[in-house]
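Worksheet for the structure shown next.
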Amino acid sequence: MDSSKNQISFINQHQFFHDPQQQQQQQMENHKNHQISFGLSSTNPENFISKENNGGAYDLGELDQALFLYLDGQDPSSSSIQDQRQNNYGMRPPTLNIFPSQPMHIEPSSTKTLRRLAQNREAARKSRIRKKAYVQQLETSRVRLSQLEHEIQRARSQGFHVGGNVLLGGDQGFQLINRTNISSDAAVFDLEYARWLEEHHRLICELRNAVHEEQLQEDELRIYVENCVVHYDNIMNLKGMLAKSDVFHLVSGLWKSPAERCFLWIGDFRPSELLKIIMCQIEALTENQLLGMCGLQKSTQEAEDALSQGLEALNQSLSDTIIASDALILGNNNENMGNYMALAINQLSTVEAFLRQADNLRHQTIHRLLQILTTRQAARCFIAIGDYFHRLRALSSLWLARPRHE
Numbered sequence: 001m002d003s004s005k006n007q008i009s010f011i012n013q014h015q016f017f018h019d020p021q022q023q024q025q026q027q028m029e030n031h032k033n034h035q036i037s038f039g040l041s042s043t044n045p046e047n048f049i050s051k052e053n054n055g056g057a058y059d060l061g062e063l064d065q066a067l068f069l070y071l072d073g074q075d076p077s078s079s080s081i082q083d084q085r086q087n088n089y090g091m092r093p094p095t096l097n098i099f100p101s102q103p104m105h106i107e108p109s110s111t112k113t114l115r116r117l118a119q120n121r122e123a124a125r126k127s128r129i130r131k132k133a134y135v136q137q138l139e140t141s142r143v144r145l146s147q148l149e150h151e152i153q154r155a156r157s158q159g160f161h162v163g164g165n166v167l168l169g170g171d172q173g174f175q176l177i178n179r180t181n182i183s184s185d186a187a188v189f190d191l192e193y194a195r196w197l198e199e200h201h202r203l204i205c206e207l208r209n210a211v212h213e214e215q216l217q218e219d220e221l222r223i224y225v226e227n228c229v230v231h232y233d234n235i236m237n238l239k240g241m242l243a244k245s246d247v248f249h250l251v252s253g254l255w256k257s258p259a260e261r262c263f264l265w266i267g268d269f270r271p272s273e274l275l276k277i278i279m280c281q282i283e284a285l286t287e288n289q290l291l292g293m294c295g296l297q298k299s300t301q302e303a304e305d306a307l308s309q310g311l312e313a314l315n316q317s318l319s320d321t322i323i324a325s326d327a328l329i330l331g332n333n334n335e336n337m338g339n340y341m342a343l344a345i346n347q348l349s350t351v352e353a354f355l356r357q358a359d360n361l362r363h364q365t366i367h368r369l370l371q372i373l374t375t376r377q378a379a380r381c382f383i384a385i386g387d388y389f390h391r392l393r394a395l396s397s398l399w400l401a402r403p404r405h406e
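Residue numbers for the sequence shown follow UniProt numbering, so the first one is 1 and each next one is one higher.
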């Protein structure tokens, strides 16, 4: 009896281990029970391929791994299986958790993060507005320059000259002296400069109102400041166009008011004097800003001195050339006199280079202020500059309108 029971038991064991289909079915049932418990206990199920079938979740990768381990005589529930499963998860590339059976785990953003995102969106919106206004200003300037070029060409073709009293100065209404020998290019420039003064007065008034508006944001105020900077660049471009044909009209200062001509330096204002005006008007400068302004004053003064010395040397050389040509005229040496006059003309052409360098220094000084000062300080700076030249033009108007006694 015992031997028959042992034989039946041996046959059952032998049949179990040699029947692959029955063995695989038993393994799948065990693994399904294990997978269900594992899926319920997992808090972050990701990086595996799954499907729904009869309410259970099957991991094909883990199923194959368990089968191989079982065939090798290992226990699928051992700790080594868990370690290998974790290693397999680490080796697989991250995938999106998009299956409906698995909830999305998203941590809510903090209030600080939401506030920072809102600030970034607002700053981006204002930046787009500022860039759009700046591009529109540049486009307007380009159109104005194109119109000026057409006016110059039309004036040249018609032989246009301006005589009598030319009215300039925008709202100031002062009159220049009688000029009958002005070139057509200079006449067009004077008309454009009068328009520039009117536009400049309007921009300064808008900037002043913006500074006094307490609720105006920094980015919105910067738009007004940049409009003033672009407007200064426009007059520099106009002067550069006229310098090619009539540089002496600019150097003489006939396009300026009488009071402004008293402070003329190589065709316009001195940048160092401009910085003195600014230093008297701007308050609450930080230590770095103060050092930057002092450094700018020093470098500007050195550049002015170098240009002044170079222009003085040019004047002396031109004077010597003229004196030498006078001696040749007395000796009736016409051939050598022509050579000296050609040399004098070449020396005069150097004046254009000095004017361009002086305008470049003025341009750099204005743009350097924007790098040193804050937006509100720069706004007050341009208001102070505008008021200074406004008073000079007003003084010129009063001087020309004064009663004359015999």
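Virtual Cβ for every residue (Gly too), placed ideally from N, Cα, C.
Where do the N-terminal and C-terminal ends of the alpha helix (DSSP H) with residue i fall, by residue?
| i | result |
| --- | --- |
| Ile-383 | 375-400 |
| Glu-226 | 218-243 |
| Trp-196 | 184-212 |
| Arg-261 | 258-261 |
| Pro-271 | 271-281 |
| Ser-252 | 247-252 |
Tell me which residues share the same chain as residue i and place their Cβ nearer than 6 Å to its Cβ, disregarding the 5 neighbours each side in the sequence.
| i | result |
| --- | --- |
| Pro-20 | In this prediction, Pro-20 has a pLDDT of 49, which is less than 50 and means its spatial position is unreliable; what the coordinates show is noted afterwards. For Pro-20, where only same-chain residues beyond five positions count, there are no Cβ hits under 6 Å. |
| Pro-271 | Thr-300, Leu-361, Arg-362 and Thr-365 |
| Pro-403 | none |
| Gln-377 | Ile-282 |
| Ser-245 | Asp-185 |
| Tyr-193 | Trp-255 |
| Ala-133 | Ile-223 |
| His-367 | none |
Rounded to whole angstroms, what's the CA-CA distance from residue i to residue j? Just pull it up for me.
| i | j | result |
| --- | --- | --- |
| Phe-138 | His-200 | First, the amino acid is wrong: residue 138 is Leu here, not Phe. Each residue's alpha carbon lies about 15 Å from the other. |
| Met-236 | Leu-355 | 11 Å |
| Asp-305 | Glu-352 | 18 Å |
| Leu-318 | Lys-256 | 26 Å |
| Val-225 | Tyr-388 | 17 Å |
| Met-341 | Glu-260 | 33 Å |
| Arg-128 | Arg-393 | 38 Å |
| His-405 | Ala-210 | 46 Å |
| Lys-126 | Asp-190 | 37 Å |
| Val-162 | Leu-348 | Since pLDDT at Val-162 reaches only 40, below the 50 mark, its modelled position is unreliable, and no value is offered. |
| His-390 | Ser-397 | 11 Å |
| His-231 | Leu-343 | 38 Å |
| Ala-324 | Ile-182 | 30 Å |
| Phe-149 | Asn-120 | Residue identity check: residue 149 is Glu in the sequence provided, not Phe. If I take the Cα positions, the gap works out to 43 Å. |
| Glu-122 | His-212 | 23 Å |
| Leu-221 | Thr-374 | 11 Å |
| Met-279 | Ala-313 | 32 Å |
| Pro-258 | Arg-115 | 57 Å |
| Phe-248 | Thr-350 | 11 Å |
| Thr-111 | Gln-217 | 23 Å |
| Asn-346 | Leu-369 | 36 Å |
| Leu-176 | Cys-262 | Because Leu-176 sits at a pLDDT of 41, beneath the cut-off of 50, its placement in the model cannot be relied upon, and the following sentence gives the value as read from the coordinates. Between Leu-176 and Cys-262, the C-alpha separation is close to 14 Å. |
| Glu-287 | Gln-147 | 46 Å |
| Asn-339 | Asp-320 | 14 Å |
| Ala-124 | Leu-395 | 45 Å |
| Cys-205 | Leu-117 | 36 Å |
| Leu-285 | Val-135 | 31 Å |
| Asp-359 | Gln-316 | 23 Å |
With a CB to CB cut of under 7 Å and the five nearest residues on each side skipped, what residues in its chain are close to residue i?
| i | result |
| --- | --- |
| Gln-357 | Leu-307 |
| Leu-250 | Lys-239, Leu-242, Ala-243, Gly-267 and Leu-355 |
| Cys-228 | Leu-203, Leu-207 and Phe-382 |
| Gly-310 | Phe-354 |
| residue 408 | Only positions 1 to 406 of the chain appear in the structure, and residue 408 is not among them; the question remains open. |
| Ala-303 | Leu-361 |
| Ile-322 | Ala-344 |
Can you name the residues that DSSP bridges to residue i?
| i | result |
| --- | --- |
| Asp-268 | Trp-265 |
Excluding the 5 residues preceding and the 5 following residue i in the sequence, name in chain order all residues of the same chain whose CB lies nearer than 8 Å to its CB.
| i | result |
| --- | --- |
| Ile-372 | Gln-289, Gly-292, Met-293 and Leu-296 |
| Asn-234 | Ser-141, Arg-144, Leu-145 and Trp-196 |
| Leu-264 | Gly-253 and Lys-256 |
| Glu-214 | none |
| Ile-277 | Ala-384, Ile-385 and Tyr-388 |
| Leu-275 | Met-293, Leu-296, Gln-297, Thr-300 and Thr-365 |
| Arg-380 | Val-211, Gln-281 and Ile-282 |
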